[in-house]
Amino acid sequence: MAAIEIAGYDIGKVLGVGTVGTIYEAKDRRTSAIVAIKILHPTVSQDRLIRARFRREMLILDRLDHPHIVRCFGGGEQDGHLYYVMERVDGGTVKELLKVQGPFAWPVVIEIARQLCSALQFAHNHGVVHRDLKPGNLFLTTEGDIKLGDFGIARDLEGTDLTANGMMVGTHAYMAPEQIAGDRSISGKADLYALGCCLFEMLVGRTPFVGDNYQKLFEQHIRAEPPKLRDHVKDCPAELEDIVSKLLAKSPDERPFNARQVQAVMLRLAGTHRGDDPTDHAAMGRAGAAPDVGAGQVLHSGRDILRQQIDQRLSGNSPDEISWRKLGMMVAAIAAVIVAATFLGN
Numbered sequence: 632m633a634a635i636e637i638a639g640y641d642i643g644k645v646l647g648v649g650t651v652g653t654i655y656e657a658k659d660r661r662t663s664a665i666v667a668i669k670i671l672h673p674t675v676s677q678d679r680l681i682r683a684r685f686r687r688e689m690l691i692l693d694r695l696d697h698p699h700i701v702r703c704f705g706g707g708e709q710d711g712h713l714y715y716v717m718e719r720v721d722g723g724t725v726k727e728l729l730k731v732q733g734p735f736a737w738p739v740v741i742e743i744a745r746q747l748c749s750a751l752q753f754a755h756n757h758g759v760v761h762r763d764l765k766p767g768n769l770f771l772t773t774e775g776d777i778k779l780g781d782f783g784i785a786r787d788l789e790g791t792d793l794t795a796n797g798m799m800v801g802t803h804a805y806m807a808p809e810q811i812a813g814d815r816s817i818s819g820k821a822d823l824y825a826l827g828c829c830l831f832e833m834l835v836g837r838t839p840f841v842g843d844n845y846q847k848l849f850e851q852h853i854r855a856e857p858p859k860l861r862d863h864v865k866d867c868p869a870e871l872e873d874i875v876s877k878l879l880a881k882s883p884d885e886r887p888f889n890a891r892q893v894q895a896v897m898l899r900l901a902g903t904h905r906g907d908d909p910t911d912h913a914a915m916g917r918a919g920a921a922p923d924v925g926a927g928q929v930l931h932s933g934r935d936i937l938r939q940q941i942d943q944r945l946s947g948n949s950p951d952e953i954s955w956r957k958l959g960m961m962v963a964a965i966a967a968v969i970v971a972a973t974f975l976g977n
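Residue numbering for the sequence shown follows our numbering, starting at 632 and increasing by one per position.
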């Protein structure tokens, strides 16, 4: 039990610890609903900039009411603790799923991108640039819904910018060139660049640019050509490779116009590769497996595979473990039939 009290809530176990806040499970005493409460760390609670960012995040989430953005139920300050209440999302994060499953089958990536683009377009329409889009901030429900969260360093184009001119904010492996430069005119195009990095990572298992320090990463973001997807994912549709390449363009003007345009590509890909023949969903979802999905096979499986992988991670079973268990059960059943037949024959 946490040594913190928030009026109206029973505080439970710790769900996660970040650089500025801790997230607790909590029960709303009025409705009995299970929620999550993010509370600012006491060690940084006197920092005026951190407090301002925390309040800004709460206000941003409060106005971004969208099915693919973590929902906020309000917040405030109690006994010197800044906090806000949000929906609890039980399926973990895309980062955690990648760690267990390895690269995703491309139909799964299309399904994730379709949902994520909807969230990004909504945020951008409301003047919010996330600035920290990465797999660790993509939360999953057990039903396979994506929830974009952690708007702690988001820029609110309708409010006062809390980032000093020329100051870099973000996660190095996903930062757009203009973000690295500390450009004050940063737009939603920076989120699109990060989206490209995320999609590449989901498909390949690593980010497009890697380095053992931030200088090497920044140099690549600014000058290096990103690797081609189909050099790593042989069955990747050409149109998927093309849109990821455009998302990773160095100049914001060369990237897609907006997230809605990217979402349209994902929907078109789903339609192009939809068919009537059954697909081995388990094989497509297997860690490291290259799914054999063509124009004559079913793509409605993207969400089914994602749900299956989430369930496997939460249950602590890998796809291979499940396959071996099923094989063992089949062998045992066959052996029982043979024993029974032998017994009856005698």
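Glycine included, C-beta positions come from ideal geometry on N, C-alpha and C.
Looking only at C-alpha atoms, which of Tyr805, Arg702, Lys658, Gly819 sits nearest to Cys828? Answer by Cα proximity: Tyr805.
Cβ contact (3+ pairs, closer than 8 Å) linking the region 669-677 and the region 742-749: Using a Cβ-Cβ distance cut-off of 8 Å, the region 669-677 and the region 742-749 are not in contact, since fewer than three pairs of beta carbons, one from each stretch, lie closer than that value.
Would you list the residues sitting across from Ile665 in a DSSP beta bridge? Lys658, per the DSSP bridge assignment.
Identify every run of the beta strand (DSSP E) within the region 818-844, keeping only runs that are complete inside it and at least 3 residues long; order them along the chain. Listed in chain order, nothing qualifies, since the region 818-844 has no complete beta strand (DSSP E) run of 3 or more residues.
Which of helix, strand or coil DSSP assigns to His761: It is coil, neither helix nor strand.
One or two residues paired with Leu898 in a DSSP bridge: Its beta-bridge partners do not exist; DSSP assigns none.
Minimum C-alpha distance to Tyr715 - residue among Arg687, Val725, Leu680, Asp678: Closest by alpha carbon: Arg687.
Straight-line gap, Gly842 to Gly643 (C-alpha atoms, nearest Å): Each residue's CA atom was taken as its position, placing Gly842 and Gly643 some 39 Å apart.
Nearest residue (CA-CA) to Arg719, options His712, Ile665, Gly639: Of His712, Ile665, Gly639, the residue nearest in Cα terms is Ile665.
With Leu747 as the anchor, note down where its alpha helix (DSSP H) starts and where it stops. In this chain, the alpha helix (DSSP H) harbouring Leu747 covers 737-756.
Could you tell me the alpha carbon to alpha carbon distance between Val864 and Lys669, rounded to whole angstroms? Their backbone Cα atoms lie some 39 Å apart in a straight line.
Exposed or buried, what is Leu680 when buried is set at 16 or more other beta-carbons lying within 10 Å of its beta-carbon? By the neighbour-count definition (other C-beta atoms within 10 Å, threshold 16), Leu680 is an exposed residue.
Contact check, Phe631 vs Val875 under 8 Å by CB: the rounded distance? Nothing can be reported for residue 631: it is not among the residues displayed for the chain, which extend from 632 to 977.
Out of Asn768, Glu774, Ala901, state which residue places its alpha-carbon closest to the alpha-carbon of Gln943. In terms of Cα proximity to Gln943, the closest of Asn768, Glu774, Ala901 is Glu774.
Smallest Cα separation from Arg854: which of Gly647, Glu809, Gly780, Phe782? That would be Glu809, whose Cα lies nearest to the Cα of Arg854.
Identify whether Gln709 lies in helix, strand or coil by the three-state DSSP scheme. Reduced to three states, the DSSP call for Gln709 is strand.
Below 8 Å CB to CB, which residues in the same chain sit around Glu708 once its five sequence neighbours on both sides are set aside? Result list for Glu708: Tyr714, in chain order.
Meets three-Cβ-pair contact criterion under 8 Å: the region 762-770 and the region 724-740: Touching, yes, given that three or more Cβ pairs across the two stretches are closer than 8 Å.
From Gly902 to Pro868, what does the alpha carbon distance come to, in whole angstroms? Rounded to the nearest angstrom, the two C-alpha atoms are 13 Å apart.
Relative to the C-alpha of Leu860, which residue among Glu872, Glu850, Glu636, Asp787 is closest? Cα-wise, what sits closest to Leu860 is Glu872.
Is the beta carbon of Ile700 sitting closer than 9 Å to the one on Leu788? At least 9 Å separates the beta-carbon of Ile700 from that of Leu788.
Using a Cβ-Cβ cut-off of 6 Å (strictly less than) and excluding sequence neighbours within five positions of His755, which residues of its own chain qualify? These residues qualify, in order along the chain: Gly819.
Since Tyr640 sits in a beta bridge, which residues does DSSP pair it with? In the DSSP output, where bridge partners are listed per residue, Tyr640 has Ile637, Asp659.
Give me the Cα-Cα distance between Gly705 and Leu764, rounded to the nearest whole angstrom. Distance from the CA of Gly705 to the CA of Leu764, rounded to the nearest whole angstrom, comes to 23 Å.
Compute the distance between the beta-carbons of Pro738 and Ile936, then report whether it is under 9 Å. The answer is yes: Cβ separation under 9 Å.
From Asp776 to Gln846, what distance separates their C-alpha atoms? Looking at the backbone, the Cα of Asp776 and that of Gln846 are separated by about 35 Å.
Through-space distance from Arg899 to Thr802, alpha-carbon basis: Distance between the alpha carbons of Thr802 and Arg899: 31 Å.
Going straight from the alpha carbon of Val800 to that of Ala825, what length do you get? Rounded to the nearest angstrom, the two C-alpha atoms are 13 Å apart.
Three-way DSSP call (helix, strand, coil) for Phe685 in this model: In the displayed model, Phe685 falls within a helix according to three-state DSSP.
Kindly indicate the opening and closing residues of the beta strand (DSSP E) around Ile777. Run containing Ile777: 777-779, per the beta strand (DSSP E) assignment.
Apart from the five residues just before and just after Asp781, which ones in its own chain have a Cβ nearer than 7 Å to its Cβ? So the list reads Asp763, Asn768, once near-sequence residues are dropped.
Neighbour-count burial assignment, Ala890, 16 or more Cβ in a 10 Å radius: Counting Cβ neighbours within 10 Å, Ala890 comes out buried, since at least 16 surround it.
Of the residues Ala736, Phe888, Tyr640, which one's Cα is nearest the Cα of Gly836? Measuring from the Cα of Gly836, the nearest candidate turns out to be Ala736.
Length of the line joining the Cα atoms of Val593 and Asp641: An answer regarding residue 593 cannot be provided, because it is not within the stretch 632 to 977 covered by the chain.
In terms of alpha-carbon separation, which member of Phe685, Leu834, Ser749, Glu856 lies closest to Ala1051? In this structure the chain extends from 632 to 977, so residue 1051 is not present and cannot be described.
Cutoff 6 Å; reference Thr650; Cβ partners in own chain excluding five residues on either side: Contacts found: none.
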